[in-house]
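K.L.:
In this note's numbering, the protein residues as written are 526 to 717.
Glycine included, C-beta positions come from ideal geometry on N, C-alpha and C.
Owing to the predicted nature of the structure, the values given are computational and were not obtained by experimental measurement.
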Amino acid sequence: MKLDDFINKTGQWLRGTGNYSHIVMSSRVRLARNLNKLPFPNKANKKELIDVLATVQTAMDRADIFKKSTLFKISELDNVDKQFLIERHLMSHEHASNPEGKALVVSQEEILSVMINEEDHLRLQVMHSGLNLDECWAIVNNVDDILSEKLDFAYSIPWGYLTACPTNTGTAMRGSVMLHLPALVMTKQINK
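#1: Count the C-beta pairs between the stretch 544-559 and the stretch 652-659 that are closer than 8 Å, then say yes if the count reaches three, no if not.
#2: Which of helix, strand or coil does DSSP assign to K568?
#3: Go ahead and label A663 buried or exposed: buried means 16 or more other beta carbons lie within 10 angstroms of its beta carbon, across all protein chains shown.
#4: Use the C-beta contact count for D645: other C-beta atoms within 10 angstroms, 16 or more gives buried, fewer gives exposed.
#5: To the nearest angstrom, how far is the alpha carbon of D670 from that of N693?
#6: How should R579 be labelled, buried or exposed, when 16 other C-beta atoms within 10 angstroms of its C-beta is the threshold for buried?
#7: Output the residue ranges of the beta strand (DSSP E) runs that lie fully inside the stretch 531-606 and measure 3 residues or longer, sorted by chain position.
#8: Sorted by chain position, which residues of the same chain lie with C-beta nearer than 6 Å to V702's C-beta, five sequence neighbours on each side aside?
#9: Please report the residue range of the beta strand (DSSP E) in which A628 lies.
#10: Pull up the distance between the alpha-carbon of S594 and that of C690, whole angstroms please.
#11: Roughly how many angstroms separate the alpha carbons of R540 and P624, rounded to a whole number?
#12: Considering only the alpha carbon of each residue, which of I715, K527, G543 lies closest to D659?
#13: Should E643 be labelled buried (16 or more other beta-carbon atoms within 10 Å of its own) or exposed?
#14: Mapping the DSSP letters down to three states, classify M652 as helix, strand or coil.
#15: Rounded to the nearest angstrom, how far is the Cβ of Q537 from that of I611, given a contact under 8 Å?
#16: Which whole-angstrom value is the C-beta distance of S485 and L687, which I expect to be below 8 Å?
#17: Kindly list the residues whose CB is nearer than 7 Å to the CB of S546, restricted to its own chain and excluding five residues on each side of it in sequence; keep chain order.
#18: Kindly indicate which three-state DSSP category L687 falls into: helix, strand or coil?
Shown next, in the form of structure tokens:
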């Protein structure tokens, strides 16, 4: 798929079809992972970033779950394309800046996206419409299992998964929901 294919359709998480979608616009679960014995992206040089990208891309090429996904090299995107991907919540502003050695992998339905060489080597993200954290977790956990068979992630027995930011160390998992607050006010559920 090309970027135009994503522009001309709505991602699954934007369709308003999930549980409580009149209040919960979307659910998201994110995992951060780093490759063992390699510097975090903020400490890596250009060659190291390119090596990480090549290693991750090879692992993804060998995983069926990524067969229908698209890889975008950030250095090959113009500013409008980057802004589109940011607005779709597929990548961060930080990922769009300093694009050398960075990439974004997006599944056809925009359910799964993977930022390569953002704050961490991998930021796996799954988004669904409505309140659907369990499904997001199931998918991202499966993707993590698949990639961990192909990549050696930085892990410490006492600390868990090692991340560039100490607050993410451990499971390196974050779950969140995007709420439509006017809907909570109109349905009188804002104080619950």
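P.N.:
Quick look at the numbers:
#1: yes
#2: helix
#3: exposed
#4: buried
#5: 19 Å
#6: Sequence check: residue 579 is Ala here, not Arg. A579 should be labelled exposed.
#7: 549-558, 595-598
#8: V549, S552
#9: 628-631
#10: 28 Å
#11: 30 Å
#12: G543
#13: buried
#14: strand
#15: Actually they do not touch by this definition, with Cβ atoms about 18 Å apart.
#16: With the chain covering only 526 through 717, there is no way to say anything about residue 485.
#17: S654, G655
#18: coil
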